[in-house]
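Chains as they are written, first to last, in the working numbering: chain A, 4 to 323; chain B, 77 to 320. Positions of the beta carbon are idealized from the N, C-alpha and C atoms, including for glycine. Note that the structure is predicted; figures quoted are calculated from it, not measured. Structure record follows, encoded as structure tokens.
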Ligand SMILES: Nc1ncnc2c1ncn2[C@@H]1O[C@H](COP(=O)(O)OP(=O)(O)O)[C@@H](O)[C@H]1O
Ligand SMILES: [Mg+2]
């Protein structure tokens, strides 16, 4: 990798975390392996959403729709066709990205909130298809017992498969984040009008960002099928999209890795609080309100501001 | 190089620009002056495509650009700055200019090259030219007002334009900053041979810098000519000293 992109400073902690994640399955109970695998899936999904929300400034309100499309693509290809498994795995992100392109084509014509509202409507249309078309999608029952290769059908197998795909995806996302396209996208987020004035075709860039983000959402959909072995319409329900959105806000949407943290926190909360309470959506709502008032930059953003900023200041002092 | 012919623009019933004419020859330093509300910003927004004219023509290098979107106009070679600082507040000063250079080099859709290694020299040169090198790593939103206005100009220069349109580059600046900015404009026009169109509400600032001056009043062009011609014009006297 070229210098400066992956800094040496962050290399240590990341390597330590990776080693821990590789070793963990041999020492923790299966249930926790499963929860971690769910976190991988959701982290990838939240990261893909943040490409357009945090870095692109788009109101991508129904990202779950593309995740669901990816998951259903795999599920349907694995249960209804005799194509090799990998074909379904590869097709899913492309199908998700294609649907992202179609919906995006309409959405980028609108601004901000209208963009988000149109996306909720179009995404809900896909949800309705998954929910109603019993003969094809299994309706509200979903599709269960999806046949998977034995290597990844166990919890531990799914865990490692998820970890590998997550890492590869994160590296690619990070390269994009640091690329001229990533820089331009962040400029569009900050000030679309000015971007037009410096010769940037804003809509085209936004559309490309949506296609990339929905592609990764499709990969997350594949991972979901691998981890759960089933699909159901709730994946495409707008409430779940809201949840992913909150993960980005919670983790820190202006940062790169914040959404991973957001996903980890949300999944843990849902798993452990969800056991005791039925009011998960209420907790979600309260969290959103607290976030907006107390942590507008998210947990990661807060930490960066609090500690990263001080580091910069001391650097400046050293220079003088 | 640029010809604006009988351009009109209304907001609802209000005629912000109603018959403006302007000529900018290659290599010239042209100023548009007029009191606040004269329609200068609206005229510039028409030229660079942020607004669409109701009537009239805008010819740039023999082509009517009045129907083009802003990004295409920019690609034809017209870059601009805004009166109210219109920067990328969360990005560094360096990145603000670099994004503009990357756009000009048609590299803004590259996905897998680190931006850090691209357009660095060009960006640094511009920052040096305008005197913002020492603040390159600062977050643009944290800059003082005057520096933000300078950054405005730097972003415009990133597009390597043939014609630069500056909307009140000295707005809200102290007298010292104003002098420095006018010096910068003069230098850009002189040594780099840029064609520059800028506007001002303060006449004094303009007369010893501009080669050609267009006077606007209530959306209408009163006169365009050399500094002396404009200074001695009876109608300009009338508008500025009498009625206005
Ligand atoms: N978007 C707008 N909607 C309504 N009125 C506007 C708009 N923009 C400008 N105006 C009006 O048009 C007139 C000219 O404004 P402007 O072009 O900004 O003048 P200047 O830049 O010379 O000070 C002003 O009276 C202003 O109130
Ligand atoms: Mg103005």
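- Within chain A, the residues placing a beta-carbon under 9 angstroms from that of residue 174/B are 183 and 186, ordered along the chain.
- For the stretch 200-214 of chain A, the set of positions with a beta-carbon nearer than 9 angstroms to some beta-carbon of chain B reads 200, 201, 202, 203, 204, 205, 207, 208 and 211 in chain order.
- DSSP places residue 176/B in the uninterrupted alpha helix (DSSP H) bounded by 169-180.
- Taken through DSSP and simplified to helix, strand or coil, residue 274/B comes out as strand.
- For the stretch 120-136 of chain B, the residues whose beta carbon sits under 9 angstroms from a beta carbon of chain A are, in order, 124, 125 and 126.
- Across the stretch 180-191 of chain B, CB contacts with chain A closer than 8 angstroms involve 180, 183, 184, 185, 186, 187, 188, 189, 190 and 191, in sequence order along the chain.
- For residue 179/A, the closest Cβ of chain B is nearer than 8 angstroms.
- Excluding sequence positions up to five before and after residue 243/A, its CB lies within less than 7 angstroms of the CB of 67 and 237, all in the same chain and listed in chain order.
- Counting only unbroken stretches of 4 or more residues, the alpha helix (DSSP H) elements lying wholly within the stretch 115-179 of chain A are 115-135, 137-140 and 153-156, in sequence order.
- These are the residues, in chain order, with a beta carbon less than 6 angstroms from any non-hydrogen atom of ligand 1: 87/B, 90/B, 92/B, 110/B, 112/B, 113/B, 114/B, 115/B, 116/B, 117/B and 118/B.
- At a threshold of 7 angstroms, residue 243/B counts as near ligand 2, since its beta carbon sits closer than that to one of the ligand's heavy atoms.
- Residue 288/B counts as buried, since at least 16 other C-beta atoms from the protein chains shown sit within 10 angstroms of its C-beta.
- Residues are counted here when their Cβ sits less than 7 angstroms from a Cβ of chain B; for the stretch 51-83 of chain A the count is zero.
- The three-state secondary structure of residue 266/A, taken from DSSP, is helix.
- By the CB criterion at 8 angstroms, residue 253/A and residue 294/A fall inside the cutoff.
- As computed with DSSP, residue 202/A is found in no beta bridge at all.
- Judged by pairs of C-beta atoms under 8 angstroms, the stretch 190-201 of chain B touches the stretch 160-178 of chain B, as three or more such pairs exist.
- Per DSSP, the unbroken alpha helix (DSSP H) holding residue 192/A starts and ends at 183-193.
- Residue contact with chain A for residue 234/B: present (Cβ-Cβ distance below 8 angstroms to some residue of chain A).
- Residue 238/B is not a Cβ neighbour of residue 199/B, given a cutoff of 8 angstroms.
- Look at residue 162/B: its C-beta is under 8 angstroms from a C-beta on chain A.
- Relative to residue 226/A, the option among 116/A, 147/A and 70/A whose CA is nearest is 70/A.
- By the Cβ test, the stretch 292-299 of chain B is in contact with the stretch 87-97 of chain B, since at least three Cβ pairs between them sit closer than 8 angstroms.
- Residue 190/A has a beta carbon lying within less than 8 angstroms of a beta carbon in chain B.
- Taken through DSSP and simplified to helix, strand or coil, residue 205/B comes out as helix.
- Following the DSSP letters along the chain, one finds residue 290/B inside the beta strand (DSSP E) bounded by residues 288-293.
- Nothing from the stretch 94-115 of chain A brings a Cβ to less than 7 angstroms from some Cβ of chain B.
- Between the stretch 101-110 of chain A and the stretch 34-50 of chain A there are fewer than three inter-stretch CB-CB distances shorter than 8 angstroms, so the stretches are not counted as touching.
- Counting only runs of 4 or more residues that sit fully inside the stretch 206-243 of chain A, no alpha helix (DSSP H) segment turns up.
- At a cut-off of 8 angstroms between beta carbons, residue 218/A makes no contact with chain B.
- For residue 80/B, the closest alpha carbon among the candidates 314/B, 290/B and 167/B is that of 290/B.
- Note on geometry: alpha-carbon atoms of residue 126/A and residue 63/A lie some 11 angstroms from one another.
- Relative to the non-hydrogen atoms of ligand 2, the Cβ of residue 159/B comes within a distance shorter than 7 angstroms of at least one.
- Counting every other CB atom within 10 Å of its CB across the protein chains shown gives residue 245/B a total of 16 or more, marking it as buried.
- A residue is called buried when at least 16 other Cβ atoms come within 10 angstroms of its Cβ; residue 204/B does not meet this threshold and is exposed.
- 257: these are the residues of the stretch 252-268 of chain A whose beta carbon lies less than 8 angstroms from some beta carbon of chain B, given in chain order.
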